[in-house]
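Residue numbers (our numbering): 500 to 879.
We put the CB at the ideal spot given by N, CA and C, even for glycine.
Accompanying notes for the structure given below.
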């Protein structure tokens with residue numbers, strides 16, 4: 500039996516982090532710590548009323564940050580090239596976990612959706628792992644076959660993986676994450692060099708699928724109507740959007756002050772998770788919200804810079820895919836809470852309550868840091 504050399508999976512260079520990596524680390528930790536503060540502010544009343552502990556969500560968020568830091572450190576030293584060996588394994592694990600959400604006793608039903616699993620008392624959202632699995636698979640396949648990417652047959656494995664994940668996630672149902680996965684997939688195909696003809700052939704059915712999915716589920720159609728005119732059902736589908744706009748409007752330029760939100764007193768549903776940006780806008784005002792947006796823009800800019808300086812095509816694609824994933828999720832979250840697109844639930848990376856997303860995103864940052872670390876050992 501062949502002996503596995505674990506040391507070969509880790510980089511041993513003593514190269515110090517670059518300025519770009521240090522900025523990425525600083526922004527990531529800033530967003531995570533800021534997220535803990537905002538999660539506590541947005542959830543303290545809700546947690547006290549429903550769980551008898553105002554620190555209920557904060558405790559889970561801090562635990563997620565701690566595990567996320569460990570994940571970030573682990574992947575900082577883990578040779579990112581070795582991840583290629585795990586692309587099919589991660590795809591299989593992600594697929595199995597996405598299927599398990601539908602198994603009674605394992606899957607957790609919440610607000611009519613099956614999005615979580617609980618094993619040995621630990622809850623996890625499989626779609627979060629699926630996001631990274633998709634990015635990894637795309638980066639591996641497209642970088643290994645970049646000379647043949649104009650051939651449609653080359654795209655089939657990537658499309659099958661993407662459709663598998665999107666299909667299982669939409670069945671939960673979770674249209675926001677499905678959109679996030681779909682847009683990320685398209686973004687990676689574009690950077691991979693897909694031809695305009697193939698892009699048009701894929702874009703047409705994808706565009707038709709969105710209205711079809713909306714019509715297929717009555718609640719999605721109601722949300723669309725609420726987006727067009729939330730005041731038509733102020734106590735129904737339009738309630739959440741109206742309360743979100745109240746929060747943002749109440750914040751004005753400078754906000755009502757940290758911990759002084761009014762909407763968090765059970766007026767705004769999911770104020771600690773999907774709609775935490777509304778609480779940020781209410782408590783810290785327009786300027787506070789802009790600072791958060793600038794932080795995300797700076798983070799994405801740094802990731803793109805690392806991608807451009809990556810030592811190989813795989814590292815460049817993997818970093819760009821992670822940047823696209825973060826950018827898409829941030830854009831969807833902020834667009835929803837500001838009423839720019841129909842309401843749909845998706846967390847704000849690094850800030851919203853949710854340990855699963857926090858651990859996965861921080862681990863992905865660790866992967867990017869390793870890519871940058873190795874890029875300074877010489878181009879190949």
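Fully enclosed by the segment 560-639, which beta strand (DSSP E) runs are 3 residues long or longer?
Within the segment 560-639, the complete beta strand (DSSP E) runs of at least 3 residues are 606-609, 612-618, 621-623.
Starting from residue 781, trace the alpha helix (DSSP H) in both directions and tell me its first and last residue.
Taking the chain shown and counting its residues from 1, the one referred to as residue 781 is at position 282. Bounds of the alpha helix (DSSP H) holding residue 781 are 775-807.
Assuming the contact rule is C-beta atoms closer than 8 Å, residue 598 and residue 667 should be a hit. Round their C-beta distance to whole Å, please.
Locating residue 598 in the chain shown gives position 99, counting from the first residue. Locating residue 667 in the chain shown gives position 168, counting from the first residue. Residue 598 to residue 667, Cβ: 7 Å. Contact.
Could you give the C-beta distance for residue 793 and residue 779, rounded to a whole number, given that I count them as a contact under 8 Å?
If you number the chain shown from 1, residue 793 lands on position 294. If you number the chain shown from 1, residue 779 lands on position 280. Contact between residue 793 and residue 779 is absent: CB atoms are separated by about 13 Å, not below the 8 Å threshold.
Residue 801 beta carbon less than 9 Å from that of residue 522:
Translated into positions along the chain shown, residue 522 becomes position 23. Translated into positions along the chain shown, residue 801 becomes position 302. Contact: yes.
For the alpha helix (DSSP H) containing residue 656, name the first residue and the last one.
As a working note, residue 656 is residue 157 in the chain shown. Boundaries of the alpha helix (DSSP H) harbouring residue 656: 651-669, taken from the DSSP string.
For residue 809 and residue 765, I'd like the C-alpha separation in whole angstroms.
Position 310 of the chain shown holds residue 809. Position 266 of the chain shown holds residue 765. Rounded to the nearest angstrom, the two C-alpha atoms are 47 Å apart.
Measuring straight from C-alpha to C-alpha, what distance separates residue 899 and residue 672?
Not covered by the structure: residue 899. The range shown for the chain is 500 to 879.
In three-state terms, what does DSSP make of residue 510?
As a working note, residue 510 is residue 11 in the chain shown. For residue 510, the secondary structure class from DSSP, reduced to helix, strand or coil, is coil.
Taking the alpha-carbon of residue 564 as reference, which of 587, 767, 759, 864 has the nearest alpha-carbon?
Residue mapping note: residue 564 aligns to position 65 of the chain shown, counting from 1. Residue 564 has its Cα closest to that of 864, out of 587, 767, 759, 864.
Applying the criterion that 16 or more other CB atoms from any shown protein chain within 10 Å of the CB defines a buried residue, is residue 560 buried or exposed?
In the chain shown, residue 560 corresponds to position 61, counting from 1. Buried, since its Cβ has 16 or more Cβ neighbours within 10 Å.
Buried or exposed (CB count within 10 angstroms, at least 16 for buried), residue 769
Looking up residue 769 in the chain shown gives position 270. That one is buried.
Taking a contact to mean a Cβ-Cβ separation below 9 Å, would you say residue 891 touches residue 651 in this structure?
In the structure as shown, the chain starts at 500 and stops at 879, and residue 891 therefore has no counterpart that could be examined.
Nearest-angstrom beta carbon gap, residue 628 and residue 593 [assumed within contact, 8 Å]:
Within the chain shown, the letter at position 94 stands for residue 593. Within the chain shown, the letter at position 129 stands for residue 628. Sure, about 5 Å apart at Cβ, within 8 Å.
Is residue 822 near residue 870, with beta carbons less than 9 Å apart?
Along the chain shown, one-based indexing puts residue 822 at 323. Along the chain shown, one-based indexing puts residue 870 at 371. Taking 9 Å as the cut-off, the beta carbon of residue 822 is found no closer than this to the beta carbon of residue 870.
Using the three-state DSSP reduction, which class does residue 710 fall into: helix, strand or coil?
In the chain shown, counting from the first residue as 1, residue 710 sits at position 211. Residue 710 sits in a helix when the DSSP states are folded into three classes.
In terms of alpha-carbon separation, which member of 528, 867, 854, 640 lies closest to residue 661?
Against the chain shown, residue 661 aligns to sequence position 162. The closest CA to that of residue 661, considering only 528, 867, 854, 640, is found on 640.
Euclidean distance between Cα positions of residue 746 and residue 532
Translated into the one-based positions of the chain shown, residue 746 becomes position 247. Translated into the one-based positions of the chain shown, residue 532 becomes position 33. In this structure, the alpha-carbon of residue 746 lies about 22 Å from that of residue 532.
From this set, 708, 851, 700, which residue's C-alpha is nearest residue 669's C-alpha?
The residue given as residue 669 occupies position 170 in the chain shown. Looking at the Cα atoms, 708 is the closest of the given residues.
Helix, strand or coil: how does DSSP classify residue 755 here?
Here residue 755 refers to the residue found at position 256 when the chain shown is read from its first residue. In this structure, residue 755 counts as coil in the three-state DSSP scheme.
Quick check on the burial criterion: 16 or more other C-beta atoms within 10 angstroms. Buried or exposed for residue 758?
By one-based count along the chain shown, residue 758 stands at place 259. Of the residues assessed, residue 758 falls on the exposed side of the cut-off, its CB having fewer than 16 other CB atoms within 10 angstroms.
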